[in-house]
Amino acid sequence: MREDSCRFAWRTLLLALFLAVIARPAWACEDALTPCEDTGFVLATRAAPTRVLVDAQAPSPVRHAAAAFARDTGRVTGTDGTVIEEAGAARGPLVIVGTLDSPAITALIARGALDVSSVRGRWEGYLQTVVDDPVPGIDSALVIAGNDPRGVVFGLYDLSERIGVSPWHWWADVPVTRRETVRLAPGTRSDAPAVRYRGFFINDEDPAFGNWAREQFGGINAAAYERVFDLLLRLKGNYLWPAMWGKSLAEDDPATLSLAADMGVVLGTSHHEPLTRAHVEWERAKEAGEASGEWNYATNAATLQDFWRAGMERFVDSGAPGVVTIGMRGDGDEAMSEDTAIPLLEQVVADQRAIIAQTTGRPAAETPQVWALYKEVQDYYDQGMQVPADVTLLFSDDNWGQIRRLPDPAAAPREGGYGVYYHFDYVGGPRSYKWIDTIQNGKTWQQMDLAWQRGARELWIVNVGDIKPAELPLDFFLEMAWNPPAMTLDRLADYDREWARQQFGSEHADEIGEILGEYARLVSRRKPELLGAEVLRDPESRQIAAAFATLRDRVIALRPRIAEAARPAFYELVEHRVLAVANLYQMYLAAADGDDEAIGWAMLNDEAATNRYHRLLDGKWNHMMSQTHIGYTDWDDPDTNIRPVALQPDVAERATAAGSLVTPAASIVGSSKNEDLAWHAIPHLGSHGTALAVLPQGRPATTPADAIFAEYSLDVPRAGEWTLAVNLAPTLDTLGDDGLRLGLQIDDGPVIERRFLLEPNNGVTDTPARAAWAEAVTANEVTLAQPLGHRPAGPVRVRIYRIDDNVVLDELVLRPAE
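If you want it as structure tokens, here you go:
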């Protein structure tokens, strides 16, 4: 054990001894307006850079994105493009950009050179096409036309991405492959988002993001947010909840509001910050003598109204687009008191909407609003609290990736629609998780596909913590939000590989994609903050530790073959997370085995991995991985990493799983469907990397008589008493009934209805359903145990029948009865 730990320490810290080169990807010219190697429209050359024609009166988001696109072409060719306002200034390749009502686009439409019917009237829609003889003296030009300003923005950034500028070129230091000439295949492309508002929430941002931004930019200010806004838009998101731990975007740097307007970013505030006011502003207002009393509408309504009105006036004056959060939680994101009456909360909303109408000068219904049904606020909704139909109802997950409630399929459509607030990061019970990426894309796909099928299509937002190191799951979330139906199971299966190809080129994309998928499979089994010496006494956890060690060695072997320019990105996106979590498992494994010396080596390895991250590129990412992650004993994070205590040898005696036989859910031998409902394998989900769910999701309950089943053939190795454990993802009853059901049939016996009910809470275990939820999210599974009685040696047939939607099958475990 000690020798292996030493070798790991050296391998973690040594620099590679030789270089490798990422293969220059060949541009196959397969689809319209994709890059071509030797033919097609010349977008830019090193000697003749792009000219981007933008009307002088174009909206500021269009002008801002046009300038960024011109720089992006220079990242590829080595010579930046230029933004021009007159066609006569064009020399070399020309790109004409504008909204449908801009002079240049209008002129092309008027003379029949441009057909914009595919995007007209489509929110944020864009069209890309090559037009011949667009202006006198120019043979051809690329036209990017948007239905609205953000449509133009997304059309430009879409092309930037396709010519090789990753959205993560700054945020993850992804290098751009240089080319002498950029050509595009002929044709036309158009696109528009399916979800109206798509974005992320920077949250729980100290110590990592906060200290990083203070060092890099002097604060979480306009300079920092310019980078955030740029990333959001390049990922085709449009909506942001800003960092709010003791921070106010509007007060800390008022220029940030103007910047959001200039770039076209839709601003909001988090689920508990109504009418654009950050929570810290309430405390600041009281300290400044501008407000007094409690955060209590029953006793302090007039003061709160004045406070909210000032926030709305400030926001209206800024000109920034926004979605206004309404409603009210307790002070500091705490629950409201149990005796809070629904009529009072309905009055809060009514008064807030009156303030919105007063400050905007138009009916409240004309200002986008969202009511977040987070934690106890959902209870008010369940009990019948009403808000106007134009308000978007924002459902939430349980903070651990399981959506709690979704629209009833029988509910009438709402003008404001429905949305989902999802989590990749959380502070709360049963354990906070802030340190590192722990997300399986398949889990995100299954839950958000369910949301889409159930009608939550207006607003998707994810709590992404510090942004880094959640790059891959964030990219996936926003790409799926752009067009959920387009994220098919095949695309989901290939996503890690394609993402790796975008960041690192083709040569190592397959291997990096496999590493990322295996990392997500392993790390999602149990959040790192939930690990400990006692956990590593479990044989299954020891298997995960061994698998992580194998994955670590694979990454270390790959590192020298990564091109020098891509190594910072490789460390940020691949290497650090694998080495760091593998080391954490080795640390707790050493503690479980009573090896104090190996614990010490692992602590040094952890520090070295963090320091290496912080020293990359002259300290560009200093502080970003400073979140404590070792030594949790309750829900909150420790102030510093706490060295594990080595267990005594007699305590470290381990149970074994002798005789248990595991069958992955994907190992079906047969299945039956009813019409289009059938069990499907979901890639990148579950403990084996593939789980089963019935698709399409969102359908009403069925019965075993509908015969929608997955069939397994298990083998009892010897006669005796046996138990079958059916392990499931810890999904929730999104209709708020009595849990989720499935049917279980053994051989030709009757179909047994099994049910599981999980009640999300903050780690309180005072009821069976709450205790079951806490246990389920800790283990990332729900187990339904079915006694089989005495069985002879030989085969046993098992069928799992669909009854309720949103049941996800992970594995079947046959084990001797205890």
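Read in order, the letters of the sequence shown are residues -28 to -1, 1 to 790 in mature numbering (1 follows the signal peptide of the UniProt record, and there is no 0).
Glycine included, each C-beta is placed from N, C-alpha and C at the ideal position.
- May I ask you to list the residues that DSSP assigns as paired with Arg524? Counting from one through the sequence shown, the residue named residue 524 turns up at place 552. DSSP, once it has assigned bridges, lists no residue as partnering Arg524.
- According to the Cβ coordinates, are Gln374 and Pro668 closer than 9 Å? Against the sequence shown, residue 374 aligns to sequence position 402. Against the sequence shown, residue 668 aligns to sequence position 696. Pro668 sits away from Gln374, with the two beta carbons spaced by 9 Å or more.
- Item | Spatial neighbours of Glu245 in its chain, beta-carbon cut-off 7 Å, leaving aside the 5 residues before and after | In the sequence shown, the residue the question calls residue 245 occupies position 273. If we look at Glu245 and ignore the five residues flanking it on each side, its Cβ neighbours are Met216, His251, Thr297.
- When the Cβ atoms of the segment 287 to 294 are set against those of the segment 221 to 230, are three or more pairs found closer than 8 Å? yes
- Task: Assign Ala627 to one of two classes, buried (16 or more other C-beta atoms within 10 Å of its C-beta) or exposed (fewer than that).
- Result: The residue labelled residue 627 in the question sits at position 655 within the sequence shown. With a pLDDT of 45 at Ala627, under the threshold of 50, the predicted position of this residue should be treated as unreliable, and no value is reported.
- Message: Using C-beta distances below 6 Å, list every residue in its chain close to Val436, excluding the 5 sequence neighbours before and after it, in chain order.
- Response: As a working note, residue 436 is residue 464 in the sequence shown. Result list for Val436: Phe172, Phe396, Ala442, Leu446, in chain order.
- What residue does the alpha helix (DSSP H) around Thr271 start on, and which one ends it? Position 299 of the sequence shown, counted from the start, is the residue given in the question as residue 271. Residues 269 to 290.
- Query: Is Ala701 closer than 9 Å to Asp782 when the C-beta atoms are compared?
  - Reply: Taking the sequence shown and counting its residues from 1, one reaches residue 782 at position 810. Taking the sequence shown and counting its residues from 1, one reaches residue 701 at position 729. A contact, by the Cβ cut-off of 9 Å.
- Message: Buried or exposed for Asn734, going by 16 or more other Cβ atoms inside 10 Å?
- Response: By one-based count along the sequence shown, residue 734 stands at place 762. Classification for Asn734: exposed.
- Task: Check Tyr129 in the structure and name its three-state DSSP category.
- Result: Walking along the sequence shown from the start, residue 129 turns up at place 157. Of the three classes helix, strand and coil, the one that applies to Tyr129 here is helix, per DSSP.
- Member of Asp104, Ala517, Thr364 whose CA lies at the smallest distance from the CA of Tyr169: Taking the sequence shown and counting its residues from 1, the one referred to as residue 169 is at position 197. Selected option, being the one with the closest Cα: Thr364.
- Message: Rounded to the nearest angstrom, what separates Ile(-7) and Arg533 at their Cα positions?
- Response: Indexing the sequence shown from 1 puts residue -7 at position 22. Indexing the sequence shown from 1 puts residue 533 at position 561. In this prediction, Ile(-7) has a pLDDT of 36, which is less than 50 and means its spatial position is unreliable; nothing more can be read from the coordinates.
- Mind reading off the beta-carbon distance from Ser162 to Val91? Whole number of angstroms is fine, and I expect it under 8 Å. Residue 162 sits at position 190 when you count from the first residue of the sequence shown. Residue 91 sits at position 119 when you count from the first residue of the sequence shown. Indeed, because the Cβ distance is near 5 Å, the residues count as touching under 8 Å.
- Query: For Ile314, which of Tyr353, Met284, Thr339 has the nearest alpha-carbon?
  - Reply: In the sequence shown, counting from the first residue as 1, residue 314 sits at position 342. For Ile314, the nearest C-alpha among the options comes from Tyr353.
- Query: Does the ligand ZN have even one heavy atom less than 8 Å from the beta-carbon of Gly236?
  - Reply: Absence of the ligand ZN is noted for the structure shown, with no ligands found whatsoever.
- Item | Start and end residues, beta strand (DSSP E) containing Asp421 | For the purposes of this step, residue 421 is taken as residue 449 along the sequence shown, with counting starting at 1. That residue, Asp421, is in no beta strand (DSSP E); its alpha helix (DSSP H) goes 413 to 425.
- Message: Please report the distance separating the alpha-carbon of Leu207 from that of Leu450.
- Response: On the sequence shown, residue 207 is found 235 positions in, with the first residue counted as 1. On the sequence shown, residue 450 is found 478 positions in, with the first residue counted as 1. Near 6 Å, if we compare the C-alpha coordinates of Leu450 and Leu207.
- Message: Extract the residue ranges of the beta strand (DSSP E) inside the segment 672 to 721, only unbroken runs of 3 or more that lie entirely within it.
- Response: 681 to 688, 692 to 700, 712 to 718
- Bounding residues of the beta strand (DSSP E) (the contiguous stretch that carries Tyr98): Position 126 of the sequence shown, counted from the start, is the residue given in the question as residue 98. Its beta strand (DSSP E) spans residues 98 to 104.
- Message: Within 8 Å, do at least three Cβ pairs link the segment 759 to 774 to the segment 679 to 695?
- Response: Enough Cβ pairs lie closer than 8 Å, so yes.
- Item | Per-residue DSSP class, three states only, for Pro457 | As a first step, residue 457 is located in the sequence shown; it is residue number 485 there, counting from the start. In the structure shown, Pro457 sits in a helix (DSSP, three-state: H, G or I).
- Residue of Ala537, Arg524, Ala28, Ala541 minimising C-alpha distance to Ala552: In the sequence shown, the residue the question calls residue 552 occupies position 580. The option with the nearest alpha carbon to Ala552 is Arg524.
- Return the residue from the list Asp648, Thr662, Pro7, His652 that minimises the CA-CA distance to Val137. What you label residue 137 is simply residue 165 of the sequence shown in a count that begins at 1. Nearest of Asp648, Thr662, Pro7, His652 to Val137, Cα basis: Pro7.
- Query: How many Å lie between Ser718 and Asp130 at the Cα?
  - Reply: Walking along the sequence shown from the start, residue 718 turns up at place 746. Walking along the sequence shown from the start, residue 130 turns up at place 158. Per the sequence shown, the amino acid found at residue 718 is Ile instead of Ser. Distance from the CA of Ile718 to the CA of Asp130, rounded to the nearest whole angstrom, comes to 52 Å.
- Is the segment 143 to 154 close to the segment 42 to 60, with three or more CB pairs under 8 Å? With the cut-off at 8 Å, the segment 143 to 154 and the segment 42 to 60 touch.
- Query: Based on Cα-Cα distance, which residue from Met459, Thr248, Ala665, His243 lies nearest to Gly302?
  - Reply: Translated into positions along the sequence shown, residue 302 becomes position 330. The residue with the shortest Cα to Cα distance from Gly302 is His243.
- Is it true that the CB of Arg403 sits closer than 9 Å to the CB of Ser659? If you number the sequence shown from 1, residue 659 lands on position 687. If you number the sequence shown from 1, residue 403 lands on position 431. Arg403 sits away from Ser659, with the two beta carbons spaced by 9 Å or more.
- Message: Please classify Arg(-5) as buried or exposed, where buried requires at least 16 other C-beta atoms within 10 Å of its C-beta.
- Response: Within the sequence shown, numbered from 1, the residue matching residue -5 stands at position 24. A caution first: Arg(-5) carries a pLDDT of 43, below 50, which makes its placement in the model unreliable, though a value can still be read off. Exposed, since its Cβ has fewer than 16 Cβ neighbours within 10 Å.
- So is Arg150 buried or exposed if we call it buried at 16+ other beta carbons inside 10 Å? Working through the sequence shown from its first residue, we reach residue 150 at position 178. Flag for Arg150 reads exposed.
- Quick check: the segment 569 to 576 against the segment 379 to 387, are there 3 or more CB pairs under 8 Å? no
- Item | Any C-beta of chain C under 9 Å from that of Ala521 | You won't find chain C in this structure, because it holds only one protein chain.
- Query: Which residue from Asp565, Gln475, Val495 puts its Cα closest to that of Ala538?
  - Reply: Here the question's residue 538 lines up with position 566 in the sequence shown. It is Gln475 whose Cα lies nearest to the Cα of Ala538.
- Item | Per-residue DSSP class, three states only, for Thr241 | Start at 1 with the first residue of the sequence shown, and residue 241 comes out as number 269. Thr241 falls in the coil class under three-state DSSP.
- Item | Span separating the alpha-carbon of His548 from that of Glu133 | Here residue 548 corresponds to residue number 576 of the sequence shown, with the count starting at 1. Here residue 133 corresponds to residue number 161 of the sequence shown, with the count starting at 1. Near 25 Å, if we compare the C-alpha coordinates of Glu133 and His548.
- Message: Tell me which residue opens and which closes the alpha helix (DSSP H) that residue 798 is part of.
- Response: Absent from the structure is residue 798, since the part of the chain shown begins at -28 and ends at 790.
- Item | Residue environment, Leu220, which counts as buried when at least 16 other CB atoms sit within 10 Å | Within the sequence shown, numbered from 1, the residue matching residue 220 stands at position 248. The residue asked about is misnamed: residue 220 is Ser in this sequence, not Leu. Ser220 comes out buried.
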